[in-house]
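Student: In order, the protein sequence lines correspond to chains A and B.
The first sequence stops at residue 164 when you use the working numbering, and every number in between is there.
The second sequence stops at residue 117 when you use the working numbering, and every number in between is there.
For glycine and all other residues, C-beta sits at the position ideal for the given N, C-alpha and C.
If you scroll down you'll find the structure; I have some questions about it.
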Amino acid sequence: AQTVTQSQPEMSVQEAETVTLSCTYDTSESDYYLFWYKQPPSRQMILVIRQEAYKQQNATENRFSVNFQKAAKSFSLKISDSQLGDAAMYFCAYKEYGNKLVFGAGTILRVKS
Amino acid sequence: GAGVSQTPSNKVTEKGKYVELRCDPISGHTALYWYRQSLGQGPEFLIYFQGTGAADDSGLPNDRFFAVRPEGSVSTLKIQRTERGDSAVYLCASSLEPYNSPLHFGNGTRLTVT
Chain A
52 AQTVTQSQPE
62 MSVQEAETVT
72 LSCTYDTSES
82 DYYLFWYKQP
92 PSRQMILVIR
102 QEAYKQQNAT
112 ENRFSVNFQK
122 AAKSFSLKIS
132 DSQLGDAAMY
142 FCAYKEYGNK
152 LVFGAGTILR
162 VKS
Chain B
4 GAGVSQTPSN
14 KVTEKGKYVE
24 LRCDPISGHT
34 ALYWYRQSLG
44 QGPEFLIYFQ
54 GTGAADDSGL
64 PNDRFFAVRP
74 EGSVSTLKIQ
84 RTERGDSAVY
94 LCASSLEPYN
104 SPLHFGNGTR
114 LTVT
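Structure representation (structure tokens):
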């Protein structure tokens, strides 16, 4: 079975600084998707960024970018110019064909002003 | 509505009781998913519907859990003889189709079994 591991239970960053959240996964498939979701106290899971495994180029969405290392099965999220509104729980998730996601345990991100 | 709606937002029930959790997906979304999120963990897949039928129910933990989507829109997750271990946030998500469309999540129902 596929597994997703987030080794950092909690991270802190100063406002306007950059932080990187780590994620590794285990799969024998070559075609799959990876995601980062943000979950604020409202509990709603909000899609931050998505990466398709067959694309070598790292995905970028404004201040959010990923470092996708397929051979190492690593998928880290970089948040630049951190803002107070970025504080939340962040989940890394894996998906094969079909929409069933496997989530990691999450990383709490705290942003200091 | 504009997003996925889940009701109730919070539910407290006594051990052994029956509960129903409702999910109203985004209009036009054919695929609907239920996930369970225990405290301090990531969501775990329970079941997914394509239209009215359950396409994959491999995540349902046991036969006390059942879900329906009779008209291909609203879905109800039903839990019989609740146990304290069922306490969790139950998240619903929908997508336009089940393969490449992004999931849109609701705010979840926090179930507490006393």
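1. Whole angstroms is fine: what's the gap from B:Q53's alpha carbon to B:G75's?
2. Spatial neighbours of B:T16 within its chain, please: CB distance less than 8 Å, with the 5 preceding and 5 following residues excluded, ordered by chain position.
3. Using only the alpha-carbon positions, how far apart do A:E68 and A:A122 sit?
4. In angstroms with no decimal places, state the Cα-to-Cα distance between B:N13 and A:M140.
5. If I measure Cβ to Cβ from A:Q59 and keep anything under 8 Å in the same chain, skipping five residues before and after, which residues do I get?
6. So the beta strand (DSSP E) A:I130 belongs to, where does it begin and stop?
7. Please identify, using Cβ separations under 9 Å, the residues of the stretch 24-53 of chain B that lie next to chain A, in order along the chain.
8. Based on DSSP bridge pairs, tell me the residues matched to A:M62.
9. Rounded to the nearest angstrom, what separates A:K124 and A:Y83 at their Cα positions?
10. Could you list the residues in the stretch 69-97 of chain A with a C-beta less than 9 Å from some C-beta on chain E, going in chain order?
11. Going residue by residue through the stretch 79-109 of chain B, where are the continuous beta strand (DSSP E) segments of at least 3 residues, counting only ones entirely within it?
12. With DSSP collapsed to three states, give me the class of B:D66.
13. DSSP state of B:D60, grouped into three classes?
14. Name, please, each residue of chain A whose Cβ falls closer than 8 Å to the Cβ of B:L106.
15. Buried or exposed: where does B:G111 fall if 16 or more other Cβ atoms within 10 Å of its Cβ makes it buried?
16. In whole angstroms, give me the CA-to-CA distance for B:S90 and A:E103.
17. Would you mind telling me which residues of chain A sit closer than 9 Å to B:L94, beta carbon to beta carbon, in chain order?
18. So is the beta-carbon of B:T16 under 7 Å away from any non-hydrogen atom of the ligand SAM?
19. Name, in chain order, the residues that DSSP records as bridge partners for B:L24.
Tutor: Quick answer:
1. 8 Å
2. V22, T85, L114, T115, V116 and T117
3. 29 Å
4. 20 Å
5. L72, S73 and T158
6. S125 to I130
7. A34, Y36, Y38, Q40, G43, Q44, G45, P46, E47, F48 and Y51
8. A:L160
9. 12 Å
10. This model lacks chain E altogether, as its protein chains are A and B.
11. 91-98
12. coil
13. coil
14. M96, L98, N150 and L152
15. buried
16. 34 Å
17. R94, Q95 and M96
18. No copy of the ligand SAM occurs in the structure displayed, which carries no ligand at all.
19. B:L80
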